[in-house]
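Colleague: Structure incoming, see below.
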Amino acid sequence: MLEKTFKLQEHKVTVKSEIAAGLTTFVTMAYILAVNPLILSATGMSQGGVLIATALSSFIGCICMAFMANLPFALAPGMGLNAYFAYVVVLGMGYTWQMALFAVFIEGVIFVLLTLTNVREAIFNAIPISLKHGISAGIGLFIAFIGLQNSHLVRSDEATMVAFNKFSENFSTSGISALLCLVGVLIIAVLSAHQRKGAILIGVFATWVIGMICQAAGLYVPDPEAGFYSLYPVWAGPDFAGFGTLIGQCFKLDFSSLKLGDFFAVVFAFLFVDIFDTIGTLAGVATKAGMLDENNQLPNAKGALMADAIGTMSGAVLGTSTVTTYVESSAGVEAGGRTGLTALTTGIMFLIAMFFSPIFIAIPGFATAAALIYVGFSMFSSVLKLDFHDLTEAIPAYLAILVMPLFYSIAEGISFGVIAFVLLKVLAGRRKDVSPLMYILALIFIVRYIFA
498 MLEKTFKLQE HKVTVKSEIA AGLTTFVTMA YILAVNPLIL SATGMSQGGV LIATALSSFI
558 GCICMAFMAN LPFALAPGMG LNAYFAYVVV LGMGYTWQMA LFAVFIEGVI FVLLTLTNVR
618 EAIFNAIPIS LKHGISAGIG LFIAFIGLQN SHLVRSDEAT MVAFNKFSEN FSTSGISALL
678 CLVGVLIIAV LSAHQRKGAI LIGVFATWVI GMICQAAGLY VPDPEAGFYS LYPVWAGPDF
738 AGFGTLIGQC FKLDFSSLKL GDFFAVVFAF LFVDIFDTIG TLAGVATKAG MLDENNQLPN
798 AKGALMADAI GTMSGAVLGT STVTTYVESS AGVEAGGRTG LTALTTGIMF LIAMFFSPIF
858 IAIPGFATAA ALIYVGFSMF SSVLKLDFHD LTEAIPAYLA ILVMPLFYSI AEGISFGVIA
918 FVLLKVLAGR RKDVSPLMYI LALIFIVRYI FA
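Per my numbering, the sequence shown starts with residue 498, numbered consecutively.
Structure below.
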């Protein structure tokens with residue numbers, strides 16, 4: 498049945514390798530189960546209820562990805578979009594969280610329409626292969642930077658914006674976390690050099706175990722107020738009562754206070770970021786994994802984009818912010834995932850996590866950070882496929898690579914890359930290299946920056 502559904506032999510994979518890849522993806526993105534409820538609870542939403550909504554919406558998105566697209570990409574409520582939901586739309590603009598959920602639902606409806614009319618697929622296919630390689634490399638740096646942050650290897654600094662976080666400062670919390678992350682990177686690298694299957698997953702759990710040993714020895718000291726929690730899992734049941742206060746609330750609204758201009762601006766913000774984050778993730782990860790066809794297009798891209806849209810709509814109904822395709826999917830792809838069975842495994846793990854959330858939440862950030870840093874290296878290798886002799890191809894890719902980690906946005910990296918590609922081609926007298934849709938995208942991005 499699995500062979501018939503996911504065409505494992507055609508993709509030269511096995512059930513065991515796909516499940517291992519799905520577990521790897523889940524482990525690297527399980528942090529969303531802890532972080533998303535924490536962020537959205539600032540709006541007054543039930544923290545325990547949001548955790549259930551996060552798990553269920555991730556499960557639905559992954560299942561749709563598995564059976565509608567047969568691709569190894571996982572979905573969950575997106576970081577950045579959840580912060581925009583809580584701190585800008587609700588706390589900043591004064592909307593209720595129910596209204597914010599309604600905006601997310603409308604965004605999902607628009608996504609469905611754009612997918613059915615092939616607009617999103619056309620955008621994906623219009624991006625030139627050089628820019629896709631640049632997006633892949635940029636995502637590599639982006640997720641590596643996220644890993645450096647999660648491991649506490651870097652800190653904010655007024656003079657240089659970011660700086661090395663010295664091990665000696667707060668050694669029992671951030672210092673030991675940073676060291677353990679480096680140990681994790683070393684474990685994964687050594688296992689990968691020996692071509693050991695499941696190297697990333699083994700590395701993450703090995704780092705976690707070493708962390709628990711350090712906690713037992715007093716080297717790691719939990720400090721919840723500073724964000725350093727115990728590495729030992731503890732049991733706590735799911736908060737179904739809290740979930741009951743969220744489900745379906747996006748349709749229970751008071752429209753009397755709605756300002757249409759502001760509301761559509763909110764919907765557009767959700768829409769723009771999700772469209773290009775998703776397209777960027779699909780393009781970057783698929784390009785690195787060699788999953789594009791002879792026309793540099795992703796088979797079943799329409800199904801993948803529809804899964805994203807359905808995930809967003811279901812997430813709004815269940816009680817969480819925009820669901821999107823996760824860049825951490827690259828960890829599972831790097832581990833060998835190539836079919837929807839990888840996504841299915843990740844989705845099932847999210848469903849299980851709803852009942853055993855303390856176990857998965859206890860996986861420390863420094864352990865998953867090791868995986869992100871290693872995968873970032875792997876994805877950055879796409880830069881080798883760029884033709885640096887053709888500056889009209891290389892410079893746009895370079896800008897995409899540069900912007901993604903520094904602006905902390907995949908969408909902004911794509912924007913800069915597309916604008917630079919069109920301008921350089923036109924000014925170099927090579928207009929034939931630019932598709933009509935790329936001109937439209939560049940114009941949209943330019944107008945957005947002018948009026949932002």
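Just so it is clear, CB atoms sit at the ideal spot from N, CA and C, and this is done for glycine as well.
Are the CB atoms of H630 and K882 within a distance shorter than 8 Å?
Modeller: For the purposes of this step, residue 882 is taken as residue 385 along the sequence shown, with counting starting at 1. For the purposes of this step, residue 630 is taken as residue 133 along the sequence shown, with counting starting at 1. In this structure, H630 lies closer than 8 Å to K882 by Cβ.
Colleague: Short check: CB of L896 to CB of F885, under 8 Å?
Modeller: Translated into the one-based positions of the sequence shown, residue 896 becomes position 399. Translated into the one-based positions of the sequence shown, residue 885 becomes position 388. No, these two residues do not count as a Cβ contact at 8 Å.
Colleague: Give the single residue among A600, I947, V512 whose Cα lies nearest to the Cα of K749.
Modeller: Walking along the sequence shown from the start, residue 749 turns up at place 252. Looking at the Cα atoms, A600 is the closest of the given residues.
Colleague: Short of 7 Å in beta carbon distance, which residues of its chain neighbour L489, apart from the five on each side in sequence? Order them along the chain.
Modeller: Outside the displayed range of the chain (498 to 949) lies residue 489, so it cannot be described from this structure.
Colleague: How many whole angstroms separate the CB atoms of I626 and N793, which I take to be in contact at a CB cut-off of 8 Å?
Modeller: Position 129 of the sequence shown, counted from the first residue, corresponds to residue 626. Position 296 of the sequence shown, counted from the first residue, corresponds to residue 793. Right, their Cβ atoms sit about 5 Å apart.
Colleague: Which class does A550 belong to by DSSP, given the choice of helix, strand or coil?
Modeller: Here residue 550 corresponds to residue number 53 of the sequence shown, with the count starting at 1. Reduced to three states, the DSSP call for A550 is helix.
Colleague: Across which residues does DSSP place D930 in a beta bridge pair?
Modeller: Here residue 930 corresponds to residue number 433 of the sequence shown, with the count starting at 1. DSSP, once it has assigned bridges, lists no residue as partnering D930.
Colleague: Could you compute how far the alpha carbon of G734 sits from the alpha carbon of F853?
Modeller: Counted from its first residue, the sequence shown places residue 734 at position 237. Counted from its first residue, the sequence shown places residue 853 at position 356. Computed Cα separation, rounded: 7 Å.
Colleague: Could you name the residues that DSSP lists as bridge partners for L658?
Modeller: For the purposes of this step, residue 658 is taken as the residue at position 161 of the sequence shown. It should be pointed out that residue 658 corresponds to Met in this sequence rather than to Leu. DSSP output for M658 lists D654 as bridge partner(s).
Colleague: Use the C-beta contact count for T614: other C-beta atoms within 10 angstroms, 16 or more gives buried, fewer gives exposed.
Modeller: As a first step, residue 614 must be located in the sequence shown, where it is residue number 117. T614 is exposed by the Cβ-count criterion.
Colleague: Unbroken alpha helix (DSSP H) runs of length 4 or more, entirely within the segment 535-590: which are they?
Modeller: Taking only runs of at least 4 residues, the alpha helix (DSSP H) segments lying wholly in the segment 535-590 are 544-565.
Colleague: With hydrogens ignored, establish whether the beta-carbon of L802 is closer than 7 Å to any heavy atom of the ligand SAM.
Modeller: Among the ligands in the structure shown, none appear at all, so the ligand SAM cannot be discussed.
Colleague: Note down, one range per segment and in chain order, each alpha helix (DSSP H) of at least 4 residues found wholly within the segment 681-715.
Modeller: Entirely contained in the segment 681-715, the alpha helix (DSSP H) runs reaching 4 residues are, in chain order, 696-713.
Colleague: Within the same chain, show all residues whose beta-carbon is closer than 7 Å to that of F556, passing over the 5 residues directly before and after it, in chain order.
Modeller: The count along the sequence shown starts at 1 and reaches residue 556 at position 59. Same-chain partners within the cutoff: G844, F847, L848.
Colleague: Are the segment 568-583 and the segment 807-827 in contact at 8 Å, needing three or more beta carbon pairs?
Modeller: Contact between the segment 568-583 and the segment 807-827 is present, because at least three Cβ pairs lie under 8 Å.
Colleague: Just list the alpha helix (DSSP H) runs in the segment 593-663, keeping only unbroken ones of 4 residues or longer that don't cross its boundaries, in chain order.
Modeller: Runs found: 594-613, 616-623, 626-647.
Colleague: Have a look at V532, A868, G558 and flag the residue whose alpha-carbon is nearest the alpha-carbon of C678.
Modeller: The residue labelled residue 678 in the question sits at position 181 within the sequence shown. Closest option to C678, Cα to Cα, is A868.
Colleague: I believe G787 touches M876 by the beta-carbon criterion, under 8 Å. Please report the beta-carbon distance rounded to the nearest angstrom.
Modeller: In the sequence shown, counting from the first residue as 1, residue 787 sits at position 290. In the sequence shown, counting from the first residue as 1, residue 876 sits at position 379. In fact, because the Cβ distance is near 13 Å, the residues do not count as touching under 8 Å.
Colleague: My output table needs one value for F725: the three-state DSSP class, helix, strand or coil.
Modeller: The residue labelled residue 725 in the question sits at position 228 within the sequence shown. Three-state DSSP puts F725 in a strand.
Colleague: Note down, in chain order, each residue of its chain lying with its Cβ closer than 6 Å to the Cβ of L841, except the 5 sequence neighbours on either side.
Modeller: On the sequence shown, residue 841 is found 344 positions in, with the first residue counted as 1. Closer than 6 Å at the Cβ level, and outside the excluded window around L841, lie A563.
Colleague: What number of angstroms, rounded off, separates the C-alpha of E687 from the C-alpha of M810?
Modeller: For this step, residue 687 is matched to residue 190 along the sequence shown. For this step, residue 810 is matched to residue 313 along the sequence shown. According to the sequence as given, residue 687 is Val; it is not Glu. Computed Cα separation, rounded: 42 Å.
Colleague: Among residues of its own chain, excluding the 5 on either side of I685, which ones have a beta-carbon nearer than 7 Å to its beta-carbon?
Modeller: Along the sequence shown, read from residue 1 onward, the residue named residue 685 stands at position 188. These residues qualify, in order along the chain: A696, I697, G700, A867, A868, Y871.
Colleague: Roughly how many angstroms separate the alpha carbons of P534 and M851, rounded to a whole number?
Modeller: Translated into the one-based positions of the sequence shown, residue 534 becomes position 37. Translated into the one-based positions of the sequence shown, residue 851 becomes position 354. The alpha-carbon atoms of P534 and M851 are separated by roughly 13 Å.
Colleague: Would H691 be called buried (16 or more neighbouring beta carbons within 10 Å of its own) or exposed?
Modeller: Residue mapping note: residue 691 aligns to position 194 of the sequence shown, counting from 1. Its Cβ having fewer than 16 others within 10 Å, H691 is exposed.
Colleague: Need the endpoints of the alpha helix (DSSP H) that V923 sits in, please.
Modeller: For the purposes of this step, residue 923 is taken as residue 426 along the sequence shown, with counting starting at 1. Run containing V923: 907-924, per the alpha helix (DSSP H) assignment.
Colleague: So what does DSSP say about V944, is it helix, strand or coil?
Modeller: To locate residue 944, count along the sequence shown from 1; it is residue 447. V944 falls in the helix class under three-state DSSP.
Colleague: Would you decide whether E500 is buried or exposed? Buried here means 16 or more other CB atoms lie within 10 Å of its CB.
Modeller: Along the sequence shown, read from residue 1 onward, the residue named residue 500 stands at position 3. So E500 counts as exposed.
Colleague: How big is the Cα-Cα spacing for E666 and G672?
Modeller: Here residue 666 is taken as the residue at index 169 of the sequence shown, counted from 1. Here residue 672 is taken as the residue at index 175 of the sequence shown, counted from 1. Looking at the two C-alpha atoms, the distance is approximately 6 Å.
Colleague: Using a Cβ-Cβ cut-off of 6 Å (strictly less than) and excluding sequence neighbours within five positions of T540, which residues of its own chain qualify?
Modeller: Residue 540 sits at position 43 when you count from the first residue of the sequence shown. Cβ within range, chain order: A583, V587, W594.
Colleague: Going by C-alpha to C-alpha distance, which of D774, K922, P730, F608 sits closest to M803?
Modeller: To locate residue 803, count along the sequence shown from 1; it is residue 306. Minimum Cα distance to M803 is reached at F608.
Colleague: Could you tell me the alpha carbon to alpha carbon distance between G739 and V547, rounded to whole angstroms?
Modeller: One-based indexing of the sequence shown puts residue 739 at position 242. One-based indexing of the sequence shown puts residue 547 at position 50. Taking the straight line joining both Cα atoms gives about 8 Å.
Colleague: What does a CB cutoff of less than 8 Å around A512 pick up in its chain, not counting 5 residues either side in sequence?
Modeller: Locating residue 512 in the sequence shown gives position 15, counting from the first residue. In the sequence under discussion, the amino acid at residue 512 is Val, which differs from the Ala named in the question. These residues qualify, in order along the chain: L499, L505, L838.
Colleague: By how many angstroms is the C-alpha of P719 removed from the C-alpha of Q544?
Modeller: Numbered from its first residue, the sequence shown carries residue 544 at position 47. Numbered from its first residue, the sequence shown carries residue 719 at position 222. Taking the straight line from one Cα to the other gives about 21 Å.
Colleague: Closest by CA to F523, which one among V880, K922, I860, S879?
Modeller: Taking the sequence shown and counting its residues from 1, one reaches residue 523 at position 26. Among V880, K922, I860, S879, the Cα nearest to that of F523 is on I860.
Colleague: Does K929 pass the burial test, meaning 16 or more other C-beta atoms within 10 Å, or should it be called exposed?
Modeller: Taking the first residue of the sequence shown as position 1, residue 929 is located at position 432. Under this definition K929 is an exposed residue.
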